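Below: one structure, written as structure tokens.
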Amino acid sequence: MLEDYFRQYGLIAIFTAIAVILPGSLLVVSWLLSFLRIRPSKPNDVKRSPYECGMELIGDRWPQFNFRYYMFAILFVVFDVETIFIYPWAVQFKQLGFFAFAEMLVFILILVIGWAYAWNHKALEWR
Amino acid sequence: MSLIHFQVLSAALFSIGVYGVLARRSAVMVLLALELMLNAVNVNLIAFAAYGEQVQATGQVIAIFVITVAAAEVGLAMAIILRLFRDRASVDVDEVDLMKW
Amino acid sequence: MTLHDLYLLSPELSLASLGMVVIILDMVLRRKGVLAAVSVVGLLAPLAFSISLWGDLSGEPDGQMVGIFNTLVVDKFSLFFKFLVMGIVALVVMSSVEYVSRLRQFQGEYYGLMLFSASGMMLLAATTDLISTYVALELTTLPLVALAAFLRDSRSTEAGIKFLLLSAMSSAVLLYGMTLTYGFTGTTQLVEIFERLGASLDATVPFGSHALFLGVIMIVAGFGFKIAAVPFQMWVPDVYEGAPTPITAYLSVASKAAGFAIILRVFYIGFGEISLDWAALFAVLSAVSMTVGNLVAIAQKNIKRMLAYSTIAHAGFLMVGVASIAARVPVGETTLGPSGVLFYLVAYAVTNLAAFFAIIAISNRTGSDMISSFAGMGRRAPFLAIILAFAIVSLLGIPPTAGFMGKLYMFSAAMKSDLAWLVVVGVVNSAISAYYYLKVIRVMYMVDPEGEEKIHVAYAPQAALYITALGILALGIFPGPLMTVAEKAVAVLFR
Numbered sequence: 001m002l003e004d005y006f007r008q009y010g011l012i013a014i015f016t017a018i019a020v021i022l023p024g025s026l027l028v029v030s031w032l033l034s035f036l037r038i039r040p041s042k043p044n045d046v047k048r049s050p051y052e053c054g055m056e057l058i059g060d061r062w063p064q065f066n067f068r069y070y071m072f073a074i075l076f077v078v079f080d081v082e083t084i085f086i087y088p089w090a091v092q093f094k095q096l097g098f099f100a101f102a103e104m105l106v107f108i109l110i111l112v113i114g115w116a117y118a119w120n121h122k123a124l125e126w127r
Numbered sequence: 001m002s003l004i005h006f007q008v009l010s011a012a013l014f015s016i017g018v019y020g021v022l023a024r025r026s027a028v029m030v031l032l033a034l035e036l037m038l039n040a041v042n043v044n045l046i047a048f049a050a051y052g053e054q055v056q057a058t059g060q061v062i063a064i065f066v067i068t069v070a071a072a073e074v075g076l077a078m079a080i081i082l083r084l085f086r087d088r089a090s091v092d093v094d095e096v097d098l099m100k101w
Numbered sequence: 001m002t003l004h005d006l007y008l009l010s011p012e013l014s015l016a017s018l019g020m021v022v023i024i025l026d027m028v029l030r031r032k033g034v035l036a037a038v039s040v041v042g043l044l045a046p047l048a049f050s051i052s053l054w055g056d057l058s059g060e061p062d063g064q065m066v067g068i069f070n071t072l073v074v075d076k077f078s079l080f081f082k083f084l085v086m087g088i089v090a091l092v093v094m095s096s097v098e099y100v101s102r103l104r105q106f107q108g109e110y111y112g113l114m115l116f117s118a119s120g121m122m123l124l125a126a127t128t129d130l131i132s133t134y135v136a137l138e139l140t141t142l143p144l145v146a147l148a149a150f151l152r153d154s155r156s157t158e159a160g161i162k163f164l165l166l167s168a169m170s171s172a173v174l175l176y177g178m179t180l181t182y183g184f185t186g187t188t189q190l191v192e193i194f195e196r197l198g199a200s201l202d203a204t205v206p207f208g209s210h211a212l213f214l215g216v217i218m219i220v221a222g223f224g225f226k227i228a229a230v231p232f233q234m235w236v237p238d239v240y241e242g243a244p245t246p247i248t249a250y251l252s253v254a255s256k257a258a259g260f261a262i263i264l265r266v267f268y269i270g271f272g273e274i275s276l277d278w279a280a281l282f283a284v285l286s287a288v289s290m291t292v293g294n295l296v297a298i299a300q301k302n303i304k305r306m307l308a309y310s311t312i313a314h315a316g317f318l319m320v321g322v323a324s325i326a327a328r329v330p331v332g333e334t335t336l337g338p339s340g341v342l343f344y345l346v347a348y349a350v351t352n353l354a355a356f357f358a359i360i361a362i363s364n365r366t367g368s369d370m371i372s373s374f375a376g377m378g379r380r381a382p383f384l385a386i387i388l389a390f391a392i393v394s395l396l397g398i399p400p401t402a403g404f405m406g407k408l409y410m411f412s413a414a415m416k417s418d419l420a421w422l423v424v425v426g427v428v429n430s431a432i433s434a435y436y437y438l439k440v441i442r443v444m445y446m447v448d449p450e451g452e453e454k455i456h457v458a459y460a461p462q463a464a465l466y467i468t469a470l471g472i473l474a475l476g477i478f479p480g481p482l483m484t485v486a487e488k489a490v491a492v493l494f495r
């Protein structure tokens, strides 16, 4: 059974190999063709940019984020991770019964108080 | 795959985390290294739960608690780091040295 | 989980709800002065539940009630710490009344976080499981971190970041140690750990097994951080200096008490089989903590920093009791070490709180924490100066004070378990500490004051000062009753 399990990884390995070889060989072929002068080489500013279409890039590679993002990040992390407790409870909802349901309501109530607190202190506004 | 592989993985992660906490200068990076240490603990827990003498859920339950507490810790840490940044425009822990001895 | 479980957890639940009520009231109310009163009066609810639980214990044959999948235990040991923590919180809230008026906003959070942290401490004393130990420890620490960074000035922020990063690291180390123990024994429950260790130990290896060796050392490191033992003390002075002074007072007594509660429970119950190994470890840590704390304290000019190093030294004195284990003690006196720790914790709580309350009242006016700014306080604030001097005498351990009785119990426990060398270290250290403690008294009475303005104290902090000072005196003259209670409380550790 365990060998079957690892055989699944074999499939993934084949996929990985194809995914590496295919674009890799295309690049190599293109590079080789440039020696035969079949591939023209006419660089200009638009071609050199990382993304040829779409938004023009602004600033450096490692910009400093506006620290107001962090306020939202903090709130998101805390509230997002709390749901980790809701999943196991939801899976076993019927077996756990009413008492666990009441407990989960209390848990969510506490989260709601936290959310109301954040709202009340204007943490959800972009200032 | 056996318990020992997970043990080695966990010990390696933990050691990298300790190194990061001690060597990194940015407070955010120190925080990342701390997360690495906690994740090493999680790997350990899940491995013990799965490969222990009797298979049990205890380890997985602890892992959930560890993840949650770690999130709370990160929230608090980010808040304090924000204050630190507003205070002295840097999050370098080497420069946090108003008080010594 | 049943309703009975909720009843067992009711002190912690009501305390945490009280914290939430205070925070909600802060959003609704305009007059913030009510919040302190709500916090103190609200403590009556957990107090009533704890008293009721204490009453119910007499009906139990083995003196304990276990609930929530055997992770929570209500016994006299845990209730002892619940009463202690509630008393400390009430006193600290009373002493903060004047101090918080300098915070224009977030007063509700100040009290609320303090109450959350207290519920964590109460939980810490009542858990018998490594998971809930970790969760309770973080519930204790995280609000304290927020409180340490509360003042929004650069020193306070610095205290917060140092406290947080170091405490997160120490709890990761602690957790790793716990997982090793879990992996070795296959369980997280202390009683089961004890039972399974008995069968699987190898007498030729220290701590009975290599996994356990590493695990126990990591657990000691994690707990050592919380009780401020050397070499895990580097956060203490900075956090104590940067944090708001009432929080420093709270941190120095309450989180130390909770830390020792969990150390006693984990090591005496869970790791009872290898007690000779960890007791040696604690004895060494104790000697080092006393010496380093006292020697570095001599050089301090800031009184909060000085008391921070003094608290490290006192952690050393407290560990003497932890190291005085039963295995070495003659039958009949087995409980002296741990019950001495409980007595010392109460004595240290009243003493240190009295000292800090006097410091809060004085530095509220002078605006400085330097020892030199206490010059002439004997004339400017006779009442505060005499209480501070009395508290310092108790910290030093001179009769008739609580500190003296605490040290007496601790050293006699150590003598009975063949730790005479540790007693010698302790006595020498007490002598060293006289130098820096008495310096404060000298500055207060022998140096001329900078101004002549008298210092007045509001009613609530004054009451807190009276209570703690009376506590020091009462425990110094009549230690018997508390010692009896402490002996009853630690009985659950020896079964």
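Protein chains in written order, with this note's numbering: chain A, 1 to 127; chain B, 1 to 101; chain C, 1 to 495.
Ideal Cβ placement from N, Cα and C applies to all residues, glycine included.
This one's a predicted model, so the numbers in the text were calculated from it and none came from an experiment.
Indicate whether at least one CB of chain A lies closer than 9 Å to the CB of Thr58 (chain B).
-> What you label residue 58 (chain B) is simply residue 58 of the second sequence in a count that begins at 1. No, its Cβ sits nowhere closer than 9 Å to a Cβ of chain A.
Residue environment, Val284 (chain C), which counts as buried when at least 16 other CB atoms sit within 10 Å = Numbered from its first residue, the third sequence carries residue 284 (chain C) at position 284. Classification of Val284 (chain C): exposed, given that the 10 Å Cβ count is below 16.
Just reading off the beta strand (DSSP E) that Val73 (chain C) is part of, what are its end residues?
-> To locate residue 73 (chain C), count along the third sequence from 1; it is residue 73. Counting along the chain, the beta strand (DSSP E) containing Val73 (chain C) begins and ends at Leu72 to Asp75.
Interfacial residues, the segment 105 to 118 of chain A to chain C, with Cβ spacing under 9 Å | Result list: Ile110, Ile113, Ala116 and Tyr117.
Listed by chain order, chain B residues near Val81 (chain A) by CB distance under 7 Å = Along the first sequence, read from residue 1 onward, the residue named residue 81 (chain A) stands at position 81. Going along chain B in sequence order, the residues near Val81 (chain A) (Cβ under 7 Å) are Ile67, Thr68 and Ala71.
Residue environment, Arg48 (chain A), which counts as buried when at least 16 other CB atoms sit within 10 Å | For this step, residue 48 (chain A) is matched to residue 48 along the first sequence. Counting other Cβ atoms within 10 Å of its Cβ, Arg48 (chain A) stays below 16 and is therefore classed as exposed.
Who does Asn352 (chain C) pair with in a DSSP beta bridge?
-> By one-based count along the third sequence, residue 352 (chain C) stands at place 352. Asn352 (chain C) pairs with nothing; no bridge assigned.
Using the beta-carbon count (16 or more within 10 Å), is Asp129 (chain C) buried or exposed?
-> Translated into positions along the third sequence, residue 129 (chain C) becomes position 129. The residue is buried, with at least 16 neighbouring Cβ atoms inside 10 Å.
Between the segment 122 to 137 of chain C and the segment 73 to 87 of chain C, are three or more C-beta pairs nearer than 8 Å?
-> Short answer: they touch.
Whole-angstrom distance between Gly480 (chain C) and Glu82 (chain A), CA atom to CA atom = Against the first sequence, residue 82 (chain A) aligns to sequence position 82. Against the third sequence, residue 480 (chain C) aligns to sequence position 480. Cα to Cα, Glu82 (chain A) sits roughly 48 Å from Gly480 (chain C).
Between Met377 (chain C) and Met446 (chain C), which are expected to be in contact by the criterion C-beta below 8 Å, what is the C-beta distance as a whole number of angstroms?
-> Position 377 of the third sequence, counted from the start, is the residue given in the question as residue 377 (chain C). Position 446 of the third sequence, counted from the start, is the residue given in the question as residue 446 (chain C). Approximately 11 Å separates the beta-carbon atoms of Met377 (chain C) and Met446 (chain C); this is outside 8 Å, ruling out the contact.
For the beta strand (DSSP E) that contains Met99 (chain B), what are its first and last residues?
-> Walking along the second sequence from the start, residue 99 (chain B) turns up at place 99. Secondary structure note for Met99 (chain B): it is in no beta strand (DSSP E), with a DSSP letter that is neither H nor E.
With which residues is Gln64 (chain C) paired in a DSSP beta bridge?
-> Mapped onto the third sequence, residue 64 (chain C) falls at position 64. Answer by DSSP bridge pairing, in chain order: C:Asp75.
Can you tell me which of the three DSSP states Thr335 (chain C) falls into?
-> For the purposes of this step, residue 335 (chain C) is taken as residue 335 along the third sequence, with counting starting at 1. Three-state DSSP puts Thr335 (chain C) in coil, outside helix and strand.
If we count Cβ pairs, one from each stretch, closer than 8 Å, do we get three or more for the segment 406 to 422 of chain C versus the segment 337 to 349 of chain C?
-> Taking one beta carbon from each stretch, the segment 406 to 422 of chain C and the segment 337 to 349 of chain C have 3 or more pairs nearer than 8 Å; the two touch.
For His314 (chain C), does the count of other Cβ atoms within 10 angstroms reach 16, so buried, or fall short, so exposed?
-> Position 314 of the third sequence holds residue 314 (chain C). Flag for His314 (chain C) reads buried.
Decide yes or no for the touch test of the segment 207 to 226 of chain C against the segment 147 to 162 of chain C: beta carbon pairs closer than 8 Å, at least 3 of them.
-> By the Cβ criterion, the segment 207 to 226 of chain C is not in contact with the segment 147 to 162 of chain C, since fewer than three pairs of Cβ atoms, one from each stretch, lie closer than 8 Å.
Proximal residues to Gly183 (chain C) (C-beta, below 8 Å), its chain only, five neighbours per side dropped | By 1-based counting over the third sequence, the position of residue 183 (chain C) is 183. Around Gly183 (chain C), the same chain offers Ala211 as residues with beta carbons nearer than 8 Å, after the five sequence neighbours per side are excluded.
Apply the 10 Å Cβ neighbour rule to Ile81 (chain B) and answer buried if 16 or more other Cβ atoms are within range, or exposed otherwise.
-> Position 81 of the second sequence, counted from the first residue, corresponds to residue 81 (chain B). By the neighbour-count criterion, in which a residue is buried when 16 or more other Cβ atoms sit within 10 angstroms of its Cβ, Ile81 (chain B) is buried.
Where DSSP assigns a beta bridge to Asp129 (chain C), which residues make up the other side?
-> Within the third sequence, numbered from 1, the residue matching residue 129 (chain C) stands at position 129. Bridge partners of Asp129 (chain C): C:Gln189.
Run of the alpha helix (DSSP H) containing Asp277 (chain C), from where it starts to where it stops | Locating residue 277 (chain C) in the third sequence gives position 277, counting from the first residue. For Asp277 (chain C), the enclosing alpha helix (DSSP H) begins and ends at Ser275 to Ala297.
Quick one: Cα of Leu281 (chain C) to Cα of Leu251 (chain C), how far?
-> For this step, residue 281 (chain C) is matched to residue 281 along the third sequence. For this step, residue 251 (chain C) is matched to residue 251 along the third sequence. Near 25 Å, if we compare the C-alpha coordinates of Leu251 (chain C) and Leu281 (chain C).
With a threshold of 16 other CB atoms inside 10 Å of the CB of Asp369 (chain C), please say whether the residue is buried or exposed.
-> Position 369 of the third sequence, counting from 1, holds the residue named residue 369 (chain C). Buried, because 16 or more other Cβ atoms sit within 10 Å of the Cβ of Asp369 (chain C).
On a CA-only basis, which of B:Gly75, B:Phe85 and B:Val93 is nearest Glu35 (chain B)? Give me that one, please.
-> On the second sequence, residue 35 (chain B) is found 35 positions in, with the first residue counted as 1. Cα-wise, what sits closest to Glu35 (chain B) is B:Gly75.
What's the gap between the Cα of Asp5 (chain C) and the Cα of Ala221 (chain C)?
-> Counting from one through the third sequence, the residue named residue 5 (chain C) turns up at place 5. Counting from one through the third sequence, the residue named residue 221 (chain C) turns up at place 221. Here the alpha carbon of Asp5 (chain C) sits roughly 32 Å from the alpha carbon of Ala221 (chain C).
Among the residues of its own chain, which have a CB less than 6 Å from the CB of Gly177 (chain C), if the five just before and after it don't count?
-> Taking the third sequence and counting its residues from 1, the one referred to as residue 177 (chain C) is at position 177. Around Gly177 (chain C): Gly215, Met218 and Ile219.
Neighbourhood of Val490 (chain C) by C-beta distance below 7 Å, restricted to the same chain and skipping five residues each side = Reading the third sequence from its first residue, position 490 is the one you call residue 490 (chain C). These residues qualify, in order along the chain: Phe77, Thr335, Pro338, Ser339 and Leu342.
How about Leu68 (chain B) and Thr188 (chain C): do their beta carbons lie closer than 9 Å?
-> As a first step, residue 68 (chain B) is located in the second sequence; it is residue number 68 there, counting from the start. As a first step, residue 188 (chain C) is located in the third sequence; it is residue number 188 there, counting from the start. Checking the sequence shown, residue 68 (chain B) turns out to be Thr, not Leu. In this structure, Thr188 (chain C) does not lie closer than 9 Å to Thr68 (chain B) by Cβ.
Contacts that Asp238 (chain C) makes with chain B (C-beta to C-beta distance below 7 Å) = Indexing the third sequence from 1 puts residue 238 (chain C) at position 238. Listed along the chain, the chain B residues whose CB falls inside 7 Å of the CB of Asp238 (chain C) are Met99.
So, does the CB of Val41 (chain B) fall closer than 9 Å to a CB anywhere in chain A?
-> By 1-based counting over the second sequence, the position of residue 41 (chain B) is 41. Between Val41 (chain B) and chain A, the shortest Cβ-Cβ separation is not below 9 Å.
Is Met20 (chain C) helix, strand or coil when you go by DSSP?
-> Within the third sequence, numbered from 1, the residue matching residue 20 (chain C) stands at position 20. Correct three-state label for Met20 (chain C): helix.
Between Phe85 (chain A) and chain C, is there a C-beta pair that is closer than 9 Å?
-> Here residue 85 (chain A) refers to the residue found at position 85 when the first sequence is read from its first residue. Phe85 (chain A) is outside the set of residues whose beta carbon lies under 9 Å from a beta carbon in chain C.
Can you tell me the Cα-Cα spacing of Val440 (chain C) and Phe374 (chain C), whole angstroms?
-> Here residue 440 (chain C) is taken as the residue at index 440 of the third sequence, counted from 1. Here residue 374 (chain C) is taken as the residue at index 374 of the third sequence, counted from 1. Taking the straight line from one Cα to the other gives about 8 Å.
Nearest CA to the CA of Pro61 (chain C): which residue from C:Asp75, C:Ala48, C:Gly67 and C:Ile51?
-> Numbered from its first residue, the third sequence carries residue 61 (chain C) at position 61. Measuring from the Cα of Pro61 (chain C), the nearest candidate turns out to be C:Asp75.
Within 9 Å of chain D by C-beta, residues of the segment 22 to 37 of chain C in sequence order | Among the protein chains in the structure shown, which are A, B and C, there is no chain D.
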